[in-house]
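S.K.: Let me give you the structure first, and then I'll get to my questions.
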Amino acid sequence: MTGQASGAVEDGPGISFQLSDEIVMLRELVRGFVERYLIPIEMTVPEGESAPDEIVRPLQEEARKLDLWLLTVPQELGGMGLGLLEECIVQEELGKSKALPYRNNEVFGPYIDAMLLEGCNEDQKERFVMPLVRGEKRMCFALSEPDFGSDPSGLKSRALRDGDHFVLNGTKRFISNGDTSDFALVFCRTDREKTDRGGISAFMVDLRSPGVSISQRWPTMMGDVPSDISFDDVRVPAADLLGKEGEGFAIGQRSLTGARISSQAAWAVGVAQRSLDLAIEYVTDRSTFGQPLSERQAIQFMIADSAIELRTARLLLYETAARFDRGEDIRNESYMTKIYCVEVGSRIVDRAIQILGGIGLTTELPLEYFYRQIRSLRITEGTTEVLRWRLARNLIRHGAR
Ligand SMILES: Cc1cc2nc3c(=O)[nH]c(=O)nc-3n(C[C@H](O)[C@H](O)[C@H](O)COP(=O)(O)OP(=O)(O)OC[C@H]3O[C@@H](n4cnc5c(N)ncnc54)[C@H](O)[C@@H]3O)c2cc1C
């Protein structure tokens, strides 16, 4: 399977949309996997940042048998090299079950950020990427800081040159898997003068280096516990700089663009579909005041609105991903897609809980889990306000098209 979603979306006087046969086959394969292996166990797997090994290992074996392995790893590194549209199709199906944790779902093998690979030279791929691919090491993405979540001018970590090393000082905040990773992709200023994004560089930092410590853990409503990582005079070899000095912000943004679409927007669409399915199932079975809920207009309108929004979100998602696979600049579309899919997903889960009444709030169903997880997506990897602001700024500068 390639990243080229050929013929998936055509631009023209109108827009025609057709998923290739290959993509439809992939969707059916993953859907079958989720329905057969994940949904039946979802309410019994203990919730946590990572699923227990004894649950994940057998699932991974089944996935390997189906050739659903290392989906995002390029073919030259031994993976399937899926394009973004294909990755979205997979994430959407995974979003339909709460069996495995949203942020650390490795049922189809370690997740490798294809955008990040573009920043690595051959030596770095061998030293950093291959151990990830083999499942021997884990990494985290360390961009945010106490004074910087949305505004890069607040980024204060510094890495200053000292011979063939850089000396790193600073604190990174809310880093997912910060306390369980072997190395971190750390973004810091390498230019004493520049305070804008142009002075930011990206380093792969070994988290066992002297001077690295976990300074705080932050338990969240989703069950994740991101942590603060402090760097105190940490010596990082210059060979561990990704790309060139000053390219760090662009590397980080490329990586976030892909993640917003595949792991956030696509997952939200899957969550929305499952929530709507559960709502429809309930209203056909449940009667109140002598009539099935399915006959009540207040309920019908919630279902209709959810279906309209879900379909619109899915089309936007697929179109954006296919454009990316064709090499188009999708900066604005990625903002629209994340905002819309995540907000629609949130509304649909919320309506589903309302439709199911009390049972919707309980831990008997995955809805309350979806509700907690999807809430976080309006904040992580770019808040919806900041993305709206960037989108509007681009549109006002360059025109809306
Ligand atoms: C569970 C979790 C996991 C995380 N994992 C990681 C990780 O792995 N790596 C990493 O680097 N970071 C991670 N983060 C950090 C996350 O990316 C930031 O929390 C997020 O970018 C928001 O930044 P902030 O918290 O500083 O909010 P702020 O930037 O302080 O924003 C606060 C509020 O102000 C709004 N706001 C800000 N600027 C504007 C504006 N110009 N116009 C209008 N409104 C505005 C925001 O939308 C938000 O509502 C994680 C956070 C959480 C909670």
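Positions in the sequence shown are counted from 1; adding 9 to them yields the numbering used here. For every residue, glycine included, the Cβ atom is placed at its ideal position computed from N, Cα and C.
1. State the beta-bridge partners of M213 as determined by DSSP.
2. On the three-state DSSP scale, how would you describe A409?
3. Pair every Cβ in the region 381-396 with every Cβ in the region 241-258, then say whether three or more of these pairs are closer than 8 Å.
4. Whose C-alpha, out of E63, E85 and L75, is nearest the C-alpha of R40?
5. Classify I388 as helix, strand or coil using the three-state DSSP reduction.
6. Spell out the partners DSSP gives F157 in its beta bridges.
7. Using CA atoms only, rank isn't needed, just tell me which of A72, P49 and S29 is closest to L38.
8. Would L326 and V292 be called neighbours here (beta carbons separated by less than 7 Å)?
9. With distances taken between CB atoms, is the gap from T346 to T372 smaller than 7 Å?
10. For the alpha helix (DSSP H) holding D286, just list the boundary residues, first then last.
11. According to DSSP, is F175 helix, strand or coil?
12. Quick one: what does DSSP say P49 is sitting in, helix, strand or coil?
13. Using C-beta distances below 7 Å, list every residue in its chain close to T392, excluding the 5 sequence neighbours before and after it, in chain order.
14. Measure the alpha-carbon distance for V195 versus K165 and round it to whole angstroms.
15. Is the region 179-187 touching the region 143-155, taking contact as three or more C-beta pairs under 8 Å?
16. Please give me, in chain order, every unbroken run of the beta strand (DSSP E) with length at least 3 that falls completely inside the region 214-277.
17. Throw me the rounded Cβ distance for the V176 and R244 pair, which I believe falls under 8 Å.
18. Nearest-angstrom Cα distance between M213 and D249?
19. Less than 8 Å between the CB atoms is what I'm expecting for D188 and M148, so what's the real figure, rounded?
20. Out of G90, M52 and Y46, which one is the CA nearest neighbour of Q69?
21. Indicate whether R201 and P161 have their beta-carbon atoms separated by less than 7 Å.
22. What three-state label does DSSP hand F42 in the structure shown?
23. What do you reckon, is the C-beta of I364 under 6 Å from a heavy atom of ligand 1?
24. In three-state terms, what does DSSP make of I184?
25. Select from P67, S59 and L28 the residue whose C-alpha is nearest the C-alpha of D233.
M.R.: If we stick to the structure as given:
1. One-based indexing of the sequence shown puts residue 213 at position 204. Paired residue(s): L194.
2. Looking up residue 409 in the sequence shown gives position 400. A409: coil per DSSP, three-state reduction.
3. no
4. The sequence position of residue 40 within the sequence shown is 31, counting from 1. Minimum Cα distance to R40 is reached at L75.
5. Against the sequence shown, residue 388 aligns to sequence position 379. The answer is coil: DSSP assigns I388 none of H, G, I, E or B.
6. The residue given as residue 157 occupies position 148 in the sequence shown. DSSP lists E154 as partners of F157.
7. Your numbering for residue 38 matches position 29 in the sequence shown. When each option's Cα is compared against that of L38, the closest is A72.
8. Position 317 of the sequence shown, counting from 1, holds the residue named residue 326. Position 283 of the sequence shown, counting from 1, holds the residue named residue 292. No; because the gap between Cβ atoms is not below 7 Å, this pair is not in contact.
9. Reading the sequence shown from its first residue, position 337 is the one you call residue 346. Reading the sequence shown from its first residue, position 363 is the one you call residue 372. No.
10. Residue 286 sits at position 277 when you count from the first residue of the sequence shown. It spans W276 to D294 - the alpha helix (DSSP H) in which D286 sits, taken as one unbroken run.
11. On the sequence shown, position 166 is the one that residue 175 refers to. F175 falls in the strand class under three-state DSSP.
12. On the sequence shown, position 40 is the one that residue 49 refers to. In this structure, P49 counts as helix in the three-state DSSP scheme.
13. Residue numbering aside, residue 392 sits at position 383 when the sequence shown is read from its first letter. For T392, where only same-chain residues beyond five positions count, the Cβ hits under 7 Å are S159.
14. Locating residue 195 in the sequence shown gives position 186, counting from the first residue. Locating residue 165 in the sequence shown gives position 156, counting from the first residue. Whole-angstrom Cα-Cα distance: 12 Å.
15. yes
16. 221-226 and 236-246
17. Reading the sequence shown from its first residue, position 167 is the one you call residue 176. Reading the sequence shown from its first residue, position 235 is the one you call residue 244. Confirmed, about 6 Å.
18. Within the sequence shown, residue 213 is the residue found at index 204, counting from 1. Within the sequence shown, residue 249 is the residue found at index 240, counting from 1. Approximately 5 Å between the Cα atoms of the pair.
19. Position 179 of the sequence shown, counted from the start, is the residue given in the question as residue 188. Position 139 of the sequence shown, counted from the start, is the residue given in the question as residue 148. Incorrect: roughly 13 Å between the Cβ atoms, too far for contact.
20. Numbered from 1 along the sequence shown, position 60 holds the residue referred to as residue 69. Nearest C-alpha to Q69: Y46.
21. Along the sequence shown, one-based indexing puts residue 201 at 192. Along the sequence shown, one-based indexing puts residue 161 at 152. Cβ atoms of R201 and P161: not closer than 7 Å.
22. Against the sequence shown, residue 42 aligns to sequence position 33. The answer is helix: DSSP assigns F42 an H, G or I state.
23. If you number the sequence shown from 1, residue 364 lands on position 355. No; taking the cut-off as 6 Å, the Cβ of I364 has no heavy atom of ligand 1 nearer than that.
24. Numbered from its first residue, the sequence shown carries residue 184 at position 175. Three-state result, I184: strand.
25. Locating residue 233 in the sequence shown gives position 224, where the first residue counts as 1. With distances taken between Cα atoms, D233 lies closest to S59.
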